[in-house]
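In this note's numbering, the protein residues as written are 797 to 1102.
Everything below concerns the one structure shown next.
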Amino acid sequence: MFRMNVSQTNRMLLVGISLLVALCAYPARRHSSRYSSRSAMHHYIRVSADFSYAREFANGGIAIDAADAMTYNAARSIVGSGMTEKGLSGNGFAPGIGVGYRLVYNHFLFDVDLGAEYRQAWLRLTALTQVHEPAKDEQGYDYAGHHTWTERRCMIKHAGISLPVMLGGEWDKFYFLAGIKLNADIWGRSSEWGNYSLEADYDRYMNSFVDMPNHGYVSNEPYADEPVVLPSAVQLRACAEIGYCVYGADNGRYRKQRSTKVYVSAFGEYSVLGTADTYMPLLIGARVTALIPLPQKTKCTTCVKD
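In structure tokens, the structure reads:
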């Protein structure tokens, strides 16, 4: 597989940003009266709300092989712990809101934002089927216990804040943005449930003792552990967004007063770096953004100095 080192990637990124700024900042038709309003610099308050599909990927975590034997205590330290399990992924959703600032100069756009995000996802965890532990029954007889935790499911919840910085361009009613987002999950919970079974093998009996709840030997008994707190986590995400102005576009040739603009867009975010032993998200969704113009000084063209 073709790979680039970090310095090559950084150089290409800087060149791409420079070309993007040059392309968007220079008016396409500089002397056209239709585009004269684009030659000024405009400032907006940016307010947005979005909803997205979220897919969580494990970034490190404990490696579990269902074929490996383990003790009962080792298994219990995993079940319901909320620990990240290596190689797993899950599906969920993520709503978010944001308030920030947008700079518009010619076709060039610059966005900086402070956002809040909530994510919830469900994961199918690794079944633990090779858990063996010697024990004694209520009458004091020794037996070999075979424990299994199957159909393990986990629901994880995160809430946090984010700081995206994005650059882009706008032509007519269409625009695009690309950049990075720093996201910090400051709250999290994990809940696990599934089925638990215990079989007992006695030296004095030929058959295993199964499905005898009165003696503690259960078969596929549902369990649900109490929610546990997840540690804080940080991700650095690559972001892209493309959208369309549905209200307030500069259609008029001589628009003298700027109005609030409303955009709808599709966006994607991919976590490129993050805290180890956590789940990192991929988000794909839709966003509604309102731009509220900030007061702007105007230059008097008819004033005459004394």
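Backbone N, C-alpha and C fix where the C-beta goes; we use that ideal spot for every residue, glycine too.
Residue i - DSSP class collapsed to helix/strand/coil
| i | result |
| --- | --- |
| Y998 | coil |
| C871 | A quick correction: the sequence has Ala, not Cys, at residue 871. A871: helix per DSSP, three-state reduction. |
| H903 | coil |
| N1010 | helix |
| S1055 | coil |
| G1044 | coil |
| T880 | coil |
| D846 | strand |
| I860 | coil |
| N1003 | coil |
Classification of residue i by the beta-carbon crowding that lies within 10 angstroms, buried from 16 upward
| i | result |
| --- | --- |
| W945 | buried |
| A1029 | buried |
| T880 | buried |
| A863 | exposed |
| F847 | exposed |
| L1079 | buried |
| E1017 | exposed |
| K932 | exposed |
| G883 | exposed |
Nearest candidate by alpha-carbon position, reference residue i, set the options
| i | options | result |
| --- | --- | --- |
| G990 | A863, G894, A865 and L924 | L924 |
| T867 | R898, H942, R948 and A850 | H942 |
| V875 | Y897, A850, S1004 and E1022 | E1022 |
| G911 | T922, L905, Y897 and F904 | Y897 |
| L1087 | S844, E947 and A836 | S844 |
| A871 | H928, N1003 and V908 | H928 |
| L905 | R1033, R1083, M837 and L978 | M837 |
| Y1040 | F970, R1000 and I976 | F970 |
| A940 | I860, G1070 and M1002 | M1002 |
Anticipated Cβ contact below 8 Å, residue i with residue j, distance rounded
| i | j | result |
| --- | --- | --- |
| W983 | H954 | 7 Å |
| L973 | L963 | 7 Å |
| T1085 | Y1043 | Rounded, the Cβ-Cβ distance is 11 Å, inconsistent with contact. |
| Y998 | Y937 | 7 Å |
| L769 | G1070 | This structure cannot speak to residue 769, because the chain is shown only from 797 to 1102. |
Own chain partners of residue i with C-beta closer than 8 Å, once the 5 adjacent residues on each side are dropped
| i | result |
| --- | --- |
| Y1013 | L994, E995, A996, F1005, V1006 and D1007 |
| S1055 | G1044 and P1089 |
Chain-order list of residues whose beta-carbon lies under 6 Å from that of residue i (same chain, five-residue window excluded)
| i | result |
| --- | --- |
| F853 | S885 and M1076 |
| L1090 | H839 |
| I893 | A845 and A912 |
Sequence-distant residues of its chain with Cβ nearer than 7 Å to residue i (five each side left out)
| i | result |
| --- | --- |
| K1052 | Note on K1052: pLDDT 46, under 50, position unreliable in the model; the coordinate value appears next. Here the set comprises nothing. |
| S1015 | S993, V1006 and D1007 |
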